[in-house]
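The sequence shown begins at 1 in UniProt numbering and counts up one residue at a time. Backbone N, C-alpha and C define an ideal beta-carbon position, used for all residues, glycine too. Following: one structure in structure tokens, then a few remarks.
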Amino acid sequence: MTDGTAATQEFYSRYATVYDLVARRTPGVADLRESVIAALDPQPGDTVVEMGCGTGANFPHLRERVGPSGTVVGVDFTPGVLAVARDRVEREGWENVHVVRGDATRPPLCEADAVLATFVSGMLPDPAAAVRTWATLVGPDGRLALGDLGRSTSPLGRPLNAVFAGLVRATTPPGGGRRMDSPATLLDERLVAAHSELERLCTGVRRDVRALGFARVRGGRVREDAVESEANRDGT
Ligand SMILES: C[S@@+](CC[C@H](N)C(=O)[O-])C[C@H]1O[C@@H](n2cnc3c(N)ncnc32)[C@H](O)[C@@H]1O
1 MTDGTAATQE FYSRYATVYD LVARRTPGVA DLRESVIAAL DPQPGDTVVE MGCGTGANFP
61 HLRERVGPSG TVVGVDFTPG VLAVARDRVE REGWENVHVV RGDATRPPLC EADAVLATFV
121 SGMLPDPAAA VRTWATLVGP DGRLALGDLG RSTSPLGRPL NAVFAGLVRA TTPPGGGRRM
181 DSPATLLDER LVAAHSELER LCTGVRRDVR ALGFARVRGG RVREDAVESE ANRDGT
């Protein structure tokens, strides 16, 4: 485990209950989650895997879409957030929702119909590689969706970019992005890397921009040739 990984897990475990409130109650966040899930377009009966599921703020939205015959699996590597997620699943009696401790970049599953990740790309050292791994997991015609925050390019949001960068700095776990001069720059680079890779691998991409341009959503269907060519490139 790297210093950055340990610091991230320590940070999210310590602030898991606070994070849970922020993740569910911030004005506009429920609509943003709905937008990501609309871009994912899960169908009744699907198995949907959420990478970096945190405290499970997306679970109720996902459950509604996959219905009683579908399954939701949340993967996260931080014990503290998984404990909050598990408590919620048990309390609500959601028998078709499961949480698993694991690394989203090396998912502990071998198949799924759809994969989503919200507010996670910015925490991955190689987000494009992670998106490729998720595309391979769902296979051709499987679905991927991402929802991420980054500095705004909209005329309405741009004046607030300095405030946003300050918030990113204040909430970046020590040992990871703080080593960078600007954690917001790192966040932007990782957002672009993940979303560009999704664009490259998917067809029928749906896009949405929210929160004055600070929130970016993308989702699509994995192209047949995308996964094949990735497999060929890896020699598998
Ligand atoms: C900002 S939180 C987002 C949580 C949730 N997706 C949401 O929308 O509220 C990022 C989460 O990603 C998890 N995470 C980051 N990198 C990860 C990795 N490589 N494998 C698994 N989980 C990871 C962290 O533990 C944290 O719970």
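- Contact annotation: Ala211 and Leu32 have beta-carbon atoms nearer than 8 Å.
- Taking a contact to require three or more Cβ pairs closer than 8 Å, the stretch 33-43 and the stretch 135-150 qualify as touching.
- Short of 6 Å from the beta carbon of Val99, and not among the five residues preceding or following it, lie these beta carbons of its own chain, in chain order: Gly74, Leu82, Ala85 and Arg86.
- Per DSSP, reduced to three states, the secondary structure at Leu109 is coil, with no helix or strand assignment.
- Straight through space, the alpha carbons of Thr171 and Leu156 are spaced by roughly 23 Å.
- Between the beta-carbon of Val217 and that of Arg207 there is about 7 Å, and that keeps the pair under the 8 Å contact cut.
- Shortest gap from the CB of Tyr12 to any heavy atom of ligand 1: under 7 Å.
- The DSSP assignment places complete beta strand (DSSP E) segments of no fewer than 3 residues inside the UniProt domain "Methyltransferase" (48-142) at 71-76, 97-101 and 114-118, in order along the chain.
- Around the beta carbon of Leu116, a 10 Å sphere encloses 16 or more other beta carbons of the protein chains shown; the residue is thus reported as buried.
- The C-beta of Pro173 has 16 or more other C-beta atoms within 10 Å across all chains shown, which makes the residue buried.
- Look at Gly157 here: in three-state DSSP terms it is coil, with no helix or strand label.
- Assigned with DSSP and collapsed to three states, Gly4 falls in helix.
- With a cutoff of 8 Å on beta-carbon distance, Leu198 and Gly220 are scored as near each other.
- The count of Cβ pairs closer than 8 Å, one atom from the stretch 119-131 and one from the stretch 64-73, stays below three, leaving the stretches out of contact.
- A straight-line Cα-Cα distance of about 26 Å links Val138 and Val29.
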